[in-house]
Amino acid sequence: MLAQVLIGERFAAPTLDEALSKARLSTRDAGLATHIVYGSLRYHLTLERALQPLLRSNTQNKVKALLLAGAFEKLILETPGHAVVNEYVNLAKRDFGRLSGLVNAVLRRVSAPTPSAETELSLPGWLITAFENAYGEGAEAVMRDFLQPSPLWLWLTGQGVRDLESEGAAVEPGFGDVYRVTLAKPLRASSAFVRGEAQPINPASFAAVEALGDVRGERVLDLAGGAGVKAAMLAARGAHVTSVDVDARKHKAARENLSRLRLQAEFLDADLREAPRIEGADFVLLDAPCTGSGTLRAHPEIKLRLTPQAVEEMAALQAQLLQSAASLVRPGGSLLYSVCSVMEHEGPGVLRVFLQRHPEFEASGLSIAVPSVQDKFGVRTLAVGGLDGFYLSKLRRLP
Ligand SMILES: C[S@@+](CC[C@H](N)C(=O)[O-])C[C@H]1O[C@@H](n2cnc3c(N)ncnc32)[C@H](O)[C@@H]1O
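Under full-length UniProt numbering, the first residue of the sequence shown carries the number 1, and numbering increases by one thereafter.
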């Protein structure tokens with residue numbers, strides 16, 4: 001699984017879902033496998049620095065993936081060294097034959113790398129600076145939080161809470177209708193999920209939905225609606241949702257998910273770099289594509305691929321989409337800009353330029369349930385305790 005993520009550039013969550021559904025492991029072993037894959041990704045920079053002096057430049061990528069997992073167990077989980085070496089040498093014998101000697105030698109010798117901010121936080125220097133710019137003194141807590149396993153957050157109906165508890169899950173209060181849940185069996189097998197009483201969503205993502213205001217009975221444009229998580233939450237709050245996305249496959253997933261939740265929305269396939277020819281609305285949500293820099297706890301593979309250039313390219317796309325979204329807001333209406341990234345360029349950077357060019361819009365105040373840091377244009381949710389880092393800005397079109 002790790003090799004597929006590292007070499008194939010796949011996302012960890014679907015890779016794990018696919019492999020674990022085939023492997024039929026016990027819940028405990030599946031949990032450990034998940035922990036090792038995500039942990040090896042979360043600590044990737046640190047582990048790579050530890051392994052680097054011991055590897056030849058031509059070491060096969062698959063062997064490297066195995067060594068990363070072994071080093072994670074030895075250095076981070078602190079599993080006794082001899083047990084790690086034994087286990088991984090056996091795996092190497094099975095999969096790589098004579099390379100098991102290399103695995104043996106490397107895992108015996110590997111030790112913690114020279115300490116630095118980068119190896120402590122498992123982040124490259126430019127990302128550390130970017131998080132410091134975003135959160136100031138709060139940055140270190142955010143970066144340390146990203147090294148922890150992600151909790152499961154579920155939006156639940158009252159019935160959903162009761163169903164989960166009766167099946168042995170621990171349901172702790174989170175933020176409003178979004179709870180922190182420890183499951184007793186896989187989510188998809190729980191009656192709350194099957195009956196449409198549960199929807200996975202991070203509280204920071206839910207905050208974007210709440211920030212749009214009271215949408216009961218209102219027409220809402222859900223732009224860049226993707227697989228429709230926010231569309232579903234808007235529909236659950238009584239909105240008449242039209243969801244627009246360039247990716248028709250995501251609309252298929254969204255339709256299936258809404259039907260599971262017994263909710264409805266309309267879908268339109270369109271590239272939002274140009275404004276689609278549809279009627280404007282008083283409530284518009286743009287959940288723009290982004291680098292995902294605020295979701296490194298749940299998606300640690302993102303930090304392996306993130307570059308300053310990718311941030312800039314994303315900001316340019318976001319500016320284009322914001323322009324289209326703005327043209328669909330009726331006078332007096334609201335536009336909520338949301339990204340699951342905390343990079344300056346993708347948040348305030350986009351808003352600053354937009355508001356300079358569009359005096360018919362103003363940033364209006366926005367209060368949300370999750371902890372956040374405010375600036376001139378909006379808020380950045382504080383990515384601690386398993387919350388994602390979102391940048392949210394609510395714009396009002398002057399009447
Ligand atoms: C952050 S995701 C949306 C998540 C979604 N709102 C939800 O809550 O489930 C961003 C979405 O932007 C879409 N997207 C990217 N470029 C686009 C474009 N040019 N026009 C329309 N949608 C685009 C992607 O397909 C992706 O679904």
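Backbone N, C-alpha and C fix where the C-beta goes; we use that ideal spot for every residue, glycine too.
Return the first residue and the last residue of the beta strand (DSSP E) that residue i is part of.
i	result
V342	No beta strand (DSSP E) contains V342, which DSSP labels as neither H nor E.
R380	379-381
V384	That residue, V384, is in no beta strand (DSSP E); it is neither H nor E in DSSP.
L317	Counting along the chain, L317 falls outside any beta strand (DSSP E), though it belongs to the alpha helix (DSSP H) covering 308-326.
V370	Unbroken run through V370: none, as it is neither H nor E.
E266	266-269
R219	219-223
L304	Segment 302-305 is the alpha helix (DSSP H) holding L304; no beta strand (DSSP E) there.
L156	152-156
Rounded to the nearest angstrom, how far is the Cβ of residue i from that of residue j, given a contact under 8 Å?
i	j	result
H378	L392	Going by the sequence as given, residue 378 is Gly instead of His. With 8 Å as the limit, G378 and L392 qualify as a contact, their Cβ atoms being about 5 Å apart.
A275	S324	4 Å
E362	L387	In fact, because the Cβ distance is near 28 Å, the residues do not count as touching under 8 Å.
A369	E172	The Cβ separation is near 15 Å, so there is no contact.
L54	A112	The Cβ separation is near 13 Å, so there is no contact.
D269	H251	6 Å
A189	D163	A189 to D163, Cβ: 12 Å. No contact.
A141	F131	Contact doesn't hold; Cβ gap of about 10 Å is too wide.
I128	N61	At roughly 27 Å, the Cβ-Cβ gap does not stay under 8 Å, so I128 and N61 are not in contact.
V89	E73	About 13 Å; that fails the 8 Å criterion.
I201	V178	6 Å
S341	S372	Contact flag wrong, Cβ pair sits at about 14 Å.
Thinking just about the alpha-carbon of each residue, which of the options is nearest to the one in residue i?
i	options	result
L99	A248, L67, S259	L67
H44	S372, G70, R162, L25	G70
F283	A326, A189, Q52, H358	A326
Q264	D222, G294, S338, R352	D222
R260	E218, L285, G196	G196
R380	N86, Y135, M233, R277	Y135
V5	R28, R42, S21, Q52	R42
A254	A236, A232, R273, L272	A232
Y38	M1, T129, R277, S21	M1
R94	V63, N133, L212	V63
P115	A50, F175, L322	A50
R262	G238, G280, A281, R277	G238
L47	K376, V215, L123, L351	L123
R330	V373, E218, S372, L107	E218
A316	L351, R297, I302	L351
A184	S367, S166, Q356, G158	S166
P14	N86, N133, T34	T34
R297	R144, V106, S367	R144
S338	R357, G225, A235, V353	G225
A65	A92, E78, E137	A92
L25	H82, P186, S364	P186
V353	L16, A319, D17, H82	A319
A198	R56, G160, A19, P80	G160
Consult DSSP for residue i and reduce its assignment to one of helix, strand or coil.
i	result
R396	strand
G294	helix
P14	helix
Y179	strand
H240	strand
F390	coil
L55	coil
D29	helix
A363	strand
A170	strand
P203	helix
S334	strand
D287	strand
A189	helix
D282	strand
V329	strand
Q159	helix
For the alpha helix (DSSP H) containing residue i, name the first residue and the last one.
i	result
K87	Going by the sequence as given, residue 87 is Glu instead of Lys. From DSSP, the alpha helix (DSSP H) with E87 extends over 81-96.
Y135	125-135
D145	139-145
R357	348-357
L121	117-121
L261	Unbroken run through L261: none, as it is neither H nor E.
L2	2-7
S100	100-109
L75	Here L75 belongs to no alpha helix (DSSP H), and DSSP marks it neither H nor E.
- Item | Contact between the segment 148-163 and the segment 197-209 (3+ Cβ pairs under 8 Å) | Pairwise C-beta distances place the segment 148-163 in contact with the segment 197-209, as three or more of them are shorter than 8 Å.
- Can at least three beta-carbon pairs, one atom from the segment 309-319 and one from the segment 237-251, be found at a separation below 8 Å? With a cut-off of 8 Å, the segment 237-251 and the segment 309-319 do not count as touching, because too few Cβ pairs lie within range.
- Inter-stretch contact (C-beta, 8 Å, three-pair minimum) for the segment 338-356 and the segment 288-301: They touch, by the three-pair rule.
- Message: I need the residues with a C-beta less than 6 Å from some heavy atom of ligand 2; please give them in chain order.
- Response: No copy of ligand 2 appears in this structure; the ligands present are ligand 1.
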